[in-house]
Amino acid sequence: MKWRDIPVGARRYIIYHTIISPLLSIWYLLPMYMFITGYNVLEIGLLFTAIHIISIPLTYAIGKAFEYIDIKKGLMLIDVLDGVSSFLYGLAYGLFAPLMITLGLIVDRVSRLFYPLYQAAEKLLYPKEKLEEVFSWHMRLPEVSQLISFPIIGYIFGYMYSNPIHYRIGFLAIALSSIPTTLYIYKFIPSLGRGQRIEPEKFRFRVDREFKLILVIEALTTLAWSMAPIIVLLNYIVNTLGLTIFEALLVEASLSLGAISATYISDRIGKEHRFHVISAGYLMITLWAMIMFLNPPFLLVLLSYFVSRFGDTLMFPFYRAWIFEKVPKDRASTIFSALSSYNRIISMATPAIAGLLALIYPTLPYLLSLILFLLSALILFIYGLGGAG
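Structure representation (structure tokens):
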């Protein structure tokens, strides 16, 4: 599918994600700032877990509310809250640093409560007959943005301006960037209110056999990913290999390169191979976990993360389209929010567990990820052999 063939509203939405992609570097910059100001991986994991628990009950309620409120307003609110959290990180200095970081994490977690609205927006904006092709563009352009921007950001904060004050200035700059991104949504993203989400035909939502399978896979993969979060990777690169945030963001660049490569292949795979592609993707991610568990040198870290994102992106359009087929438009925000709450409950204590395991042995969390992804791949492969998809 060519770019010009994508509906205008969907193109503008993809461009928005391309614009904000460099700002996601804050997910690395904040834990790195905490490392260089005296926190260890277990302390960071415990703090993230505490904030995580606070957020769980609110997620479903927010999704329910946005069945009746324009989703576009929720997308704007995400950017505003992200700006506030970054501003609080920028104030994390001296005796008040732990308080500012905690408040910033709370605001950030409230912002993430609205993240299911992204999926609801995609459900409304992307043409259902071309979901796999549109999702290839949805993955490709933001990854190109990260491939270019992340190494630059990493070099700035790894080698040019690596003191805590420089990180705080960076947080304040990211906070200010939320102003133009919020205005972009207001100006260019079409309205996504209740009137825009009701399909003319009736669609009754049912928790059928396939949706139960989705819940199982969501549980397994949520646990698998959350056992090896950014703090585990950063701890390995910085505290074990003795490198910097630059090398950590080079890993992110390798992830982007893997994603971009995979989008050109997923475009050429037919929908009838859905479950085989998804299971193959999980097997590639399993290979990543196995390599990382073996305490690899930095070049192998880059290769393993390339393979993981290649597999993840290869299967992503098929997996997301599969879920979208099971969800009616008029219930999209509620169902995706319920799935988000489900995932949050499953992964409630994993940052602390991952931090503890990484403190015992830096790559031990990857062993649990390996087992869980391998199980997911086997389940979907067997399901695909049964004639599904």
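Each residue of the sequence shown is one higher than the one before, counting from 640 in the numbering used here. Glycine included, each C-beta is placed from N, C-alpha and C at the ideal position.
Local conformation of residue i per DSSP, three classes
i: K641; result: coil
i: A988; result: coil
i: G722; result: helix
i: Y1000; result: coil
i: P803; result: helix
i: Y678; result: coil
i: A689; result: helix
i: L716; result: helix
i: P670; result: helix
i: G809; result: helix
Pair within 8 Å by beta-carbon distance, residue i and residue j
i: P1001; j: N802; result: no
i: T952; j: T902; result: yes
i: E782; j: I899; result: yes
i: A760; j: L831; result: yes
i: F789; j: L669; result: no
i: T821; j: M715; result: yes
i: V680; j: G994; result: yes
i: Y655; j: Y757; result: no
i: P1004; j: A867; result: yes
i: I984; j: L862; result: no
i: S725; j: I813; result: yes
i: L811; j: L744; result: no
Cβ-based burial, residue i [other Cβ within 10 Å; buried from 16]
i: W642; result: exposed
i: P819; result: exposed
i: F753; result: buried
i: E886; result: buried
i: F735; result: exposed
i: D644; result: exposed
For residue i, the first and last residue of its enclosing alpha helix (DSSP H)
i: Y798; result: Unbroken run through Y798: none, as it is neither H nor E.
i: P747; result: A quick correction: the sequence has Asp, not Pro, at residue 747. Its alpha helix (DSSP H) spans residues A736 to L752.
i: Y732; result: Looking at the DSSP string, Y732 is not in any alpha helix (DSSP H), and its letter there is neither H nor E.
i: S895; result: I884 to S905
i: K762; result: P755 to L764
i: Y655; result: V647 to I659
i: H777; result: L770 to Y794
i: L938; result: F937 to E964
i: Y921; result: R913 to F932
Cβ neighbours of residue i in the same chain (closer than 6 Å, five flanking residues each side left out)
i: E911; result: none
i: M954; result: V916, I917 and G920
i: G797; result: T883, I884 and F885
Beta-carbon proximity list for residue i, same chain, < 7 Å, skipping 5 on both sides
i: I924; result: S947, G950, D951 and F1012
i: I692; result: M987
i: D906; result: E772 and S775
i: W961; result: R913
i: I869; result: W666, Y667 and P670
Any non-hydrogen atom of the ligand PLP closer than 7 Å to residue i Cβ
i: S788; result: In terms of ligand content, the structure shown is empty, and the ligand PLP therefore cannot be addressed.
Own chain residues within Cβ distance below 8 Å of residue i, not counting five before or after
i: L1006; result: A928 and F932
i: V890; result: L872, I876, V940, L941 and Y944
i: V855; result: I1018
i: M640; result: K769, E772, V773, S775, W776 and D906
i: L998; result: N679, V680 and L681
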